[in-house]
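Residue numbering for the sequence shown follows full-length UniProt numbering, beginning at 1 and increasing consecutively.
Using N, Cα and C, we set each Cβ at its ideal position, and we do this for glycine too.
Given the structure is predicted, the values throughout are model-derived calculations rather than measurements.
One structure is given below, encoded as structure tokens.
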Amino acid sequence: MLWWSREYPVTDASREAEVNPDTAVDVYGWLRDVCSTKLISVPIVLGGPGKVVQIDESLFRHKPKHHRGRATRQELWVFGMVDTSFQPSLGFMQLVPNRQAATLYPIIQAHVANGTTVYSNEWSAYRQVASLPQVAAHQMVNHSVNFVDPATGVHTQNIESYWSRAKRKLKRMKGCHAEQLPSYLDEFMWRERYGPSARDVWFNIMHHISEQYPV
């Protein structure tokens, strides 16, 4: 757990801890499960009155680890939101089967607080976001013309930065299995809330383990 707290790649952790690589993989997977369970018990809610939440979807072109033969890539869509009142922005991400309004709107309703102003691009699925009860106002920016609307100042640069941070973490790991992507997204969100430092990660993961596995 020490090496996980310090974000060591699992291969390095296996070597440093002198354990079988499969054991290290299992421990890392179990710790991600602890993160996921914590996020279920304490759901992420973004925004609120006077706050802006930017929404967007991003394509994770995913190359599986330890592939054999010709490399294949899977295209996985992830829907995300960030609360711009934090620096850097705090967010939420979820793997989605498609980018339709029927898929995205329940996620917005579950993770956006009442009274929130929402910024987005002009993707067709977002056209009725203002009708959601949690949304106080919805403004869009046309990315085919400007990245920042010169008249309103509306932009989605915070969520774009968030995507970059999340993808950099996956790139450092040299990929992951597609079915494990949700747990890696959960770990990323858990760390940004509970792990500003390796010391905080260690303390909080131990605390959350004790919550979930009381003696």
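Distance between residue j and residue i (C-alpha atoms, nearest Å)
{"i": "residue 6", "j": "residue 198", "result": "5 Å"}
{"i": "residue 66", "j": "residue 127", "result": "In this predicted model, residue 66 has a pLDDT of only 46, less than 50, meaning its place in the structure is not dependable enough to derive any value."}
{"i": "residue 152", "j": "residue 88", "result": "22 Å"}
{"i": "residue 52", "j": "residue 25", "result": "38 Å"}
{"i": "residue 210", "j": "residue 162", "result": "30 Å"}
{"i": "residue 111", "j": "residue 43", "result": "8 Å"}
{"i": "residue 173", "j": "residue 189", "result": "16 Å"}
{"i": "residue 177", "j": "residue 135", "result": "35 Å"}
{"i": "residue 119", "j": "residue 81", "result": "10 Å"}
{"i": "residue 75", "j": "residue 99", "result": "13 Å"}
{"i": "residue 17", "j": "residue 10", "result": "10 Å"}
{"i": "residue 149", "j": "residue 186", "result": "32 Å"}
{"i": "residue 124", "j": "residue 180", "result": "29 Å"}
{"i": "residue 138", "j": "residue 159", "result": "16 Å"}
{"i": "residue 170", "j": "residue 60", "result": "10 Å"}
Endpoints, the alpha helix (DSSP H) within which residue i is located
{"i": "residue 29", "result": "21-41"}
{"i": "residue 120", "result": "Looking at the DSSP string, residue 120 is not in any alpha helix (DSSP H); the run it does join, the beta strand (DSSP E), is 116-121."}
{"i": "residue 199", "result": "198-212"}
{"i": "residue 111", "result": "101-111"}
{"i": "residue 164", "result": "157-172"}
{"i": "residue 152", "result": "No alpha helix (DSSP H) holds residue 152; DSSP gives it neither H nor E."}
{"i": "residue 5", "result": "2-5"}
According to DSSP, residues forming a beta bridge with residue i
{"i": "residue 77", "result": "59 and 96"}
{"i": "residue 91", "result": "82"}
{"i": "residue 45", "result": "Paired residues: none, contrary to the question."}
Range covered by the beta strand (DSSP E) that runs through residue i
{"i": "residue 139", "result": "135-141"}
Cβ of residue i within 9 Å of any chain B Cβ
{"i": "residue 160", "result": "Protein chains in the displayed structure number just one, and chain B is not present."}
Cβ shell of residue i (< 8 Å), same chain only, five flanking positions each side left out
{"i": "residue 121", "result": "56, 140, 141, 142, 143 and 156"}
{"i": "residue 133", "result": "109 and 114"}
{"i": "residue 46", "result": "53, 81, 82, 83, 90, 91, 92, 111, 112, 113 and 116"}
{"i": "residue 70", "result": "Note that residue 70 scores a pLDDT of 47, beneath 50, so its modelled location is shaky; the value from the coordinates is reported in the next line. Counting only Cβ-Cβ distances below 8 Å, and skipping sequence neighbours, we find nothing."}
Cβ shell of residue i (< 7 Å), same chain only, five flanking positions each side left out
{"i": "residue 205", "result": "1, 5, 31 and 34"}
{"i": "residue 103", "result": "96 and 97"}
{"i": "residue 37", "result": "212"}
{"i": "residue 182", "result": "95"}
{"i": "residue 85", "result": "51"}
{"i": "residue 107", "result": "79 and 94"}
Beta-carbon contacts of residue i that lie in its chain and below 6 Å, excluding the five residues immediately before and after
{"i": "residue 202", "result": "5"}
{"i": "residue 194", "result": "204"}
{"i": "residue 184", "result": "176"}
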